[in-house]
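Here is the structure we will look at.
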Amino acid sequence: MCKSILSFAVLLFFISCGNKQTSTSSNEQTNNSASADNMLAEKMDRGKAIYDKTCTVCHQATGAGVPKSFPPLASSDYLNADVNKVIDGLLFGNKGEMVVNGETYNNVMPPQVLTDEEISYVLTYVYNSWQNSAKEVTPEMVAQRRASNQ
Ligand code: HEC
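Spelled out as C-alpha cells, the structure:
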C-alpha cells in the first residue's frame, strides 16, 4: 500500500516535470527607431571622451584655452567661420599666425592621430558645446578633406 502511494507520487512528479514549459516567447521590444537626437547624443558622448583625452591638455576642459598659447574653442569665431579649415587643422596640424576672437596666436598644434570617425565625433562635440554653432561633422566630411589634401 505504502509502496503504491509512493510510486504514484513519483509518477505525478515526472508528469509535472514533463509538462513544465520553458517559456520561449520574449516580450522584449527592441526599439530600432533611434531618433536623430539619440544619434547626436551618442556622438556627443564619444566626442567628449576623445576631447577629454586628446584636447584638454592644451584647450582646457572648458574650451577656454590658455591666453597667448592655446586659443579658445569656446565661442571661437575661427571655429565657427570655416569647418573645412578646422578639419584640416586636426588632420594636418596648425601653425603660424592665427587670429581667434581678436587675439593673435603664433604657436604649433601637431596633427591629431585620430580616425575620420573620431574627428567627426570630437568636432561635433566642440561645435555643440560652449555657445558654438551646433554644426554636425560627419566622417564623410573628414574623409573628403583628407583625400583632397594628399
Ligand atoms: C599640443 C597642444 C594642442 C592639442 C593637443 C590640440 N590643440 Fe588645437 N590648437 C593648438 C594651438 C597652439 C593652436 C593654434 C595654432 C597656431 O597658433 O597657429 C590650436 C588651434 C586649434 C583650433 C583653431 C583655433 C580655435 O581656437 O578655434 C581648433 C578648432 C583646435 N585647435 C581644435 C583642437 C581639437 C578639437 C583638439 C583635440 C582633438 C586639439 N585642438 C588638440 C594646440 C593644441
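Numbering-wise (the working numbering), the sequence shown opens with residue 241 and increments by one.
C-beta: ideal position from N, C-alpha, C; glycine also.
One or two residues paired with residue i in a DSSP bridge
i: N347; result: G336
i: V306; result: F310
Environment of residue i [buried if 16+ CB atoms lie within 10 Å]
i: V339; result: exposed
i: P309; result: The sequence given here has Ser at residue 309, not Pro. Exposed, by the Cβ-count rule.
i: V302; result: The amino acid occupying residue 302 in the given sequence is Thr; Val does not appear at that position. Answer is exposed; the Cβ neighbour count stays below 16.
i: S388; result: exposed
i: T364; result: buried
i: G342; result: exposed
i: V377; result: buried
i: K283; result: buried
i: S316; result: buried
i: P311; result: buried
Cβ-based neighbour list, residue i, same chain, cut-off 6 angstroms, excluding 5 preceding and 5 following
i: P379; result: D356, E357, S360
i: N346; result: E337
i: G333; result: M349, P350, P351
Opening and closing residue of the alpha helix (DSSP H) in which residue i lies
i: N389; result: Looking at the DSSP string, N389 is not in any alpha helix (DSSP H), and its letter there is neither H nor E.
i: N320; result: 317-321
i: L280; result: 276-294
i: V353; result: No alpha helix (DSSP H) holds V353; DSSP gives it neither H nor E.
heavy atom of ligand 3 below 8 angstroms from residue i C-beta
i: T294; result: The model depicted lacks ligand 3 and carries ligand 1 instead.
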